[in-house]
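Quick notes on the structure that follows.
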Amino acid sequence: MPKVTYIEYNGREHVVDVPVGRSVMRGAVDNNIPGIDADCGGECACATCHVFVDPEWLPKTGLPVPGSQEASMLSFAAVTQDNSRLSCQIKMREDLDGLIVRMPEGQH
Amino acid sequence: MNDIAVLSNADSVALDDIDVSDPKLYQNDTYYPYFARLRREDPVHYCRQSLYGPYWSVTKYKDIMQVEINHQVYSSDAAISILDPPKGLERQSFIAMDPPKHDEQRLVVSPAVAPGNLANMEGLIRERTGRVLDGLPRDETFDWVERVSIELTTMMLATLFDYPWDDRRQLTYWSDVVIADVRSPESPVHSEEEKFAELTKMTEALGKLFQERAQLPPKFDLLSMLAHSNATRNLPFREFMGNLSLLIVGGNDTTRNSMTGGLMALNEHPKEYQKLRDDPSLIPGMVSEIIRYVTPVIHMRRTAKEDGEIGGKQIKKGDKVVMWYVSGNRDPDAIEDPDNFIIDRPRPRQHMSFGYGIHRCVGNRLAELQLRILWEEIITRYPVIEVMGPAKRTYSNFIHGIRSLPVRIPA
Chain A
0 MPKVTYIEYN
10 GREHVVDVPV
20 GRSVMRGAVD
30 NNIPGIDADC
40 GGECACATCH
50 VFVDPEWLPK
60 TGLPVPGSQE
70 ASMLSFAAVT
80 QDNSRLSCQI
90 KMREDLDGLI
100 VRMPEGQH
Chain B
0 MNDIAVLSNA
10 DSVALDDIDV
20 SDPKLYQNDT
30 YYPYFARLRR
40 EDPVHYCRQS
50 LYGPYWSVTK
60 YKDIMQVEIN
70 HQVYSSDAAI
80 SILDPPKGLE
90 RQSFIAMDPP
100 KHDEQRLVVS
110 PAVAPGNLAN
120 MEGLIRERTG
130 RVLDGLPRDE
140 TFDWVERVSI
150 ELTTMMLATL
160 FDYPWDDRRQ
170 LTYWSDVVIA
180 DVRSPESPVH
190 SEEEKFAELT
200 KMTEALGKLF
210 QERAQLPPKF
220 DLLSMLAHSN
230 ATRNLPFREF
240 MGNLSLLIVG
250 GNDTTRNSMT
260 GGLMALNEHP
270 KEYQKLRDDP
280 SLIPGMVSEI
290 IRYVTPVIHM
300 RRTAKEDGEI
310 GGKQIKKGDK
320 VVMWYVSGNR
330 DPDAIEDPDN
340 FIIDRPRPRQ
350 HMSFGYGIHR
360 CVGNRLAELQ
370 LRILWEEIIT
380 RYPVIEVMGP
390 AKRTYSNFIH
400 GIRSLPVRIP
410 A
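Protein chains in written order, with numbering that gives the first Met the number 0: chain A, 0 to 107; chain B, 0 to 410.
See below:
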């Protein structure tokens, strides 16, 4: 099963298995990893599963499509960067095995 | 009507005649069985005739979510409550706008309530909360709303606006004016014209501070932020009035009512109150549960910009669509055992009280912070605060207000 590394704002790392087809958000929530709140449960209707994708992985995860619901929700998150994504919108695939995401200071 | 009469009326009235917009239902706290029936029998319900004209009620969690995320079709432009803005006295604000203008204005104020700034405010909020709690009388009945909920939220508002401290209760008064239903005898104003006149005074008072701050270097208060941003520095008078009203109500009334409603919920559920005393680490989850259970904003309204479909019903362009958060938060298909107050329920953050989509409450993290600190400071001082009588509620179908609550702290 592909693995994802979640790195909390304080630097603590969590490496977990996330089944193919499940979202990176769900992988965190199912494993009780702090730092991802996912208030809307994966509807892309809040911005509380915000992560920074490790730059090396960006070509594979891609960026939010301009004008998409993800892009508009992300524009209201605090402290976004050009590698910001909503983790509910990244679905696990075999070729994402080893993916690294970092959490922001807080979800807003 | 007593409780049994309400229950039987909610079950026997013809479906077509159900009108959940009557503010009395919220003042008397008798709305629950009507929504329970709508969720069961007609979850997207058309009311042909009401004080506010015809409207659709959306009552299920998942249907509300679909309306929330489809802002292209379900517009917030010009009106976000079932009551249309008074003709000729409209006051625009970013909550009642669509993108791109909504986005530009919202982004001006959101840094004030972003996680980084909240960390800076925590110490101040805790110190004030402790002081207010230490000053409460023992073994004597007093009004929790007046002494605690209004006091704390007014202090917060004065800080957010950097408003003159000794005059801070003016902000509370204006907040009450903004949300007032002018037909209620208890309303501070009794006509839309009178309301507009009072809000003009508010806009002039805050406008003076805004002008002063425009001349000074930028600071981290809402007026300074509005004064120094291109998107908001030259707002027309009515739009400035609307945005001030929004920020005052948003930063105040909702948290006030959660501060009161949480204490009521714990008194109504003594086992939960005991759980809290036994394990104060449950407070963060309890705060979310309080916000769900209380649901400080009763509804939000959208207007269909084109024909569409919600839950199998055909919505026509121009229709008024009301999302009843009080109902979505009690939907058993989305939330297990939703009528119970459970301070350690799983996934407590998944509630509708802050709304979803691009209009989701910008101050939600600040609200949670204030409530968390309040309960952390209460529990170290007062293991028991007793509710001594019924709450008086606001005549409103929009803001779930609690005007007074008699309580007593045992000596």
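Don't be surprised by glycine CBs; every beta carbon is placed ideally from N, CA and C.
Same chain, Cβ closer than 8 Å to residue i, neighbours up to 5 away in sequence not counted
i, result
"R47/B", "D15, P53"
"F34/B", "V19, T58, W323, V325, S326, R329"
"E385/B", "N266, V406, R407, I408, P409"
"R232/B", "A213, L225, A226"
"T4/A", "E12, H13, V14, G97, L98, I99, V100"
Inter-residue spacing [alpha-carbon to alpha-carbon] between residue i and residue j
i, j, result
"K391/B", "T171/B", "18 Å"
"A77/A", "T60/A", "21 Å"
"E139/B", "I408/B", "7 Å"
"D338/B", "T58/B", "15 Å"
"V320/B", "D133/B", "46 Å"
"P345/B", "K86/B", "46 Å"
"V17/A", "T302/B", "40 Å"
"R137/B", "S83/A", "52 Å"
"K270/B", "A70/A", "44 Å"
"L123/B", "I314/B", "48 Å"
"P235/B", "N242/B", "11 Å"
"T152/B", "L365/B", "11 Å"
"S403/B", "N9/A", "43 Å"
"L159/B", "V15/A", "41 Å"
"N251/B", "W173/B", "11 Å"
"H227/B", "E121/B", "25 Å"
"F209/B", "A78/B", "26 Å"
"N8/B", "V52/A", "55 Å"
"I289/B", "L281/B", "12 Å"
"Y25/B", "S186/B", "15 Å"
"Y30/B", "G40/A", "27 Å"
"V131/B", "N363/B", "23 Å"
CB contact flag (residue i, residue j, <7 Å)
i, j, result
"I309/B", "D62/B", "yes"
"T294/B", "N328/B", "yes"
"Y355/B", "A44/A", "yes"
"Q91/B", "E238/B", "yes"
"L73/A", "T79/A", "yes"
"D180/B", "S352/B", "no"
"V188/B", "S244/B", "no"
"L50/B", "E191/B", "no"
"E42/A", "M102/A", "no"
"G105/A", "P114/B", "yes"
"A111/B", "L215/B", "no"
"V361/B", "S74/B", "no"
"G307/B", "V5/B", "no"
Reference residue i, options the options, closest by Cα
i, options, result
"H350/B", "R237/B, P22/B, V296/B, E150/B", "V296/B"
"R38/B", "A333/B, S403/B, R301/B, V147/B", "A333/B"
"L262/B", "V131/B, S92/B, L82/B, L370/B", "L370/B"
"P99/B", "S20/B, N251/B, I357/B", "I357/B"
"E197/B", "E367/B, E185/B, D175/B, E211/B", "D175/B"
"V383/B", "D318/B, G284/B, K274/B, G307/B", "K274/B"
"R276/B", "Y381/B, L205/B, K207/B", "Y381/B"
"D76/B", "K304/B, T379/B, G362/B", "K304/B"
"F93/B", "A264/B, G249/B, M387/B, L368/B", "G249/B"
"E67/B", "G317/B, E367/B, R300/B", "R300/B"
"K200/B", "P283/B, Q169/B, F219/B", "Q169/B"
"A118/B", "K312/B, P389/B, E367/B", "E367/B"
"S80/B", "E335/B, H298/B, G362/B", "H298/B"
"M64/B", "V43/B, P84/B, L82/B", "V43/B"
"G206/B", "P217/B, P32/B, S223/B, F219/B", "S223/B"
6 Å CB neighbourhood of residue i in its chain, flanking five on each side removed
i, result
"A230/B", "E103, Q104, V107"
"M154/B", "R127"
"G494/B", "Residue 494/B is absent from the structure shown; chain B starts at 0 and stops at 410."
Other residues of its chain near residue i: CB distance less than 7 Å, five sequence neighbours each side excluded
i, result
"H268/B", "F340"
"R348/B", "S287"
"D28/B", "R392"
"V19/A", "P1, M91, R92, E93"
"I342/B", "E271, K274, L275, L281, G284, M285, E288"
"I247/B", "L156, L170, W173, S174, V177"
"D81/A", "none"
Problem set entry | Inter-stretch contact (C-beta, 8 Å, three-pair minimum) for the segment 367–384 of chain B and the segment 79–89 of chain A | Result no; under three Cβ-Cβ pairs closer than 8 Å.
For this session: Would you be able to state if there are at least three C-beta pairs under 8 Å between the segment 6–25 of chain A and the segment 91–101 of chain A?
Result: yes
Problem set entry | Cβ contact (3+ pairs, closer than 8 Å) linking the segment 13–27 of chain B and the segment 28–48 of chain A | no
For this session: Spell out a yes or no on whether the segment 250–264 of chain B and the segment 144–154 of chain B are touching, meaning 3 or more CB-CB pairs, one atom from each, closer than 8 Å.
Result: yes
Problem set entry | Residues of the segment 66–79 of chain A whose Cβ lies closer than 8 Å to any Cβ of chain D, in chain order | In the structure shown, chain D cannot be found, because the protein chains are A and B.
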